[in-house]
Amino acid sequence: MDSLSVIVPCYNEEAVIETTYRRLKSVLTALDRETHIIFINDGSDDRTLEILTAIAADDKTVKVLSFSRNFGHQAAVTAGIHNCLTDLAIIIDADLQDPPELIPDILSCREREKANVVYCVRRSRAGESRLKLWTARKFYRFLNRLSEVDFPVDTGDFRLIDSRVMEQFKRFKERGKYIRGLISWVGFRQVPFYYARDARQAGITKYPFKRMFSFAATALFYFSKKPLLIAVGLGFTAVLIGIICALWYIFGKIFGYTHAESGWTSIMIGMIFFGGVQLLTIGVLGQYIGILFDEIKERPEYIIEKEIN
Ligand code: UDP
Ligand code: MG
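Take the sequence shown: its position 238, counted from the start at 1, is 250 in our numbering, and no numbers get skipped.
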């Protein structure tokens, strides 16, 4: 039987982490195979590390990686994959939104389908705001239209990956990681697994709107060059409008149907509109330059301060 690790990123999850461990453990002990849990403490400033330390003292199959500060959800999952030594890994949230009780079904789905990746698709999501549901739904579809890769929609990082995929994942050098996208990008045989997502059991979301926005921006700018193409398209459109206007005014002057001195409104509209288009396209360009700037420094993605077991 293939050995399994469960990767759990944790940021200020003191309210729920103990329950998460207990529910995971009872599922894992019922499995007839070697299992481990890797908790990544992503620079929590509450009692998360303390609780995890106590758990790891009693249970040697629990590994804890503690970051020197908060590096973000994707960095935490990355560290989990980098430190995974088993044949299989399942990535799961610490807040029990993804029910651990599904793990046996996910494993049998993998065996049945001979899959390298089983990605869990949210058929429903309990306890999320309407705004989050709507933005997530729209965003995944929007991203799909812009990106060069075809991503499955309505999936998070909750998924099973095998050692082949992990091996390839370890080759990714980019620091800005959009993990669900990268795993799709790897290829091999990937199959969906449909489930109903629960509400967070305790604590609050660590993805306020601002973070969600920057997460979405990473996904978009790391997986698509189309925004640059759209900028080019805007430029062409502006030039076309410019030529039409020029012809209109030149002929107007010759045939006397325009009055140059009454052109204030059109000048203002043109200035504001094309000023906006220019700033927007410079902004898009700036995003890519910013990413180059970040990536070229080759700073480590995360720093592990402490490792238990
Ligand atoms: N998380 C993390 N570092 C962060 C933010 C979140 O490790 O900087 C973890 C968090 O503890 C949880 C998972 O990532 O296990 C998903 O976060 P959350 O449940 O708050 O996001 P939501 O489900 O609300 O989108
Ligand atoms: Mg959650």
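The C-beta atom is built at its ideal place from N, Cα and C for all residues, glycine as well.
Check: If we ignore side chains and look at the alpha-carbon of each, how far apart do Ser196 and Arg183 end up?; Outcome: 15 Å
Check: Are Gly92 and Ile191 close, meaning C-beta to C-beta below 8 Å?; Outcome: no
Check: Where does Gly254 land, buried or exposed, given buried means 16+ other C-beta within 10 angstroms?; Outcome: exposed
Check: Would you say the stretch 112–131 touches the stretch 81–91, given that touching needs at least three Cβ pairs under 8 Å?; Outcome: no
Check: Return the first residue and the last residue of the alpha helix (DSSP H) that Asn53 is part of.; Outcome: Taken as a continuous stretch (DSSP letters only), Asn53 belongs to no alpha helix (DSSP H), being part of the beta strand (DSSP E) at 47–53.
Check: Is any non-hydrogen atom of the ligand MG found closer than 7 Å to the C-beta of Asp169, if you look at the structure I gave you?; Outcome: no
Check: Using alpha carbons as the reference points, say which of Trp260, Ile279, Thr277 lies closest to Thr270.; Outcome: Trp260
Check: Leaving out five residues before and five after Ile303 in sequence, what residues of the same chain have Cβ atoms less than 8 Å from its Cβ?; Outcome: Gly188, Phe233, Tyr234
Check: With DSSP collapsed to three states, give me the class of Ser136.; Outcome: strand
Check: Could you tell me which residues DSSP puts in a beta bridge with Thr230?; Outcome: In the DSSP output, where bridge partners are listed per residue, Thr230 has none listed.
Check: Under DSSP, the beta strand (DSSP E) around Cys96 begins and ends at which residues?; Outcome: Looking at the DSSP string, Cys96 is not in any beta strand (DSSP E), and its letter there is neither H nor E.
Check: With the cut-off set at 8 Å, would you say Tyr300 and Leu241 are in Cβ contact?; Outcome: no
Check: Is Asp162 helix, strand or coil by DSSP?; Outcome: coil
Check: Rounded to whole angstroms, what's the CA-CA distance from Ala42 to Val165? Just pull it up for me.; Outcome: 32 Å
Check: Check for me: the alpha helix (DSSP H) holding Tyr207 runs from which residue to which?; Outcome: Careful: Tyr207 lies outside any alpha helix (DSSP H), inside the beta strand (DSSP E) at 202–209.
Check: Have a look at the DSSP bridge pairing and note the partners of Asp174.; Outcome: Leu100
Check: Kindly give me the distance between the Cβ atoms of Thr73 and Ile52, rounded to whole angstroms, as I take these residues to be in contact under 8 Å.; Outcome: Between Ile52 and Thr73 the Cβ distance is about 16 Å, and since that is not below 8 Å, they are no contact.
Check: Among Ala101, Val39, Thr31, Thr293, which has the Cα closest to the Cα of Ile67?; Outcome: Thr31
Check: Answer yes or no: do Ser80 and Ile315 have a C-beta to C-beta separation smaller than 8 Å?; Outcome: yes
Check: For the ligand MG, is there any heavy atom lying closer than 7 Å to the beta carbon of Thr147?; Outcome: no
Check: Please classify Met13: is it buried, with 16 or more other beta-carbons within 10 angstroms of its beta-carbon, or exposed?; Outcome: exposed
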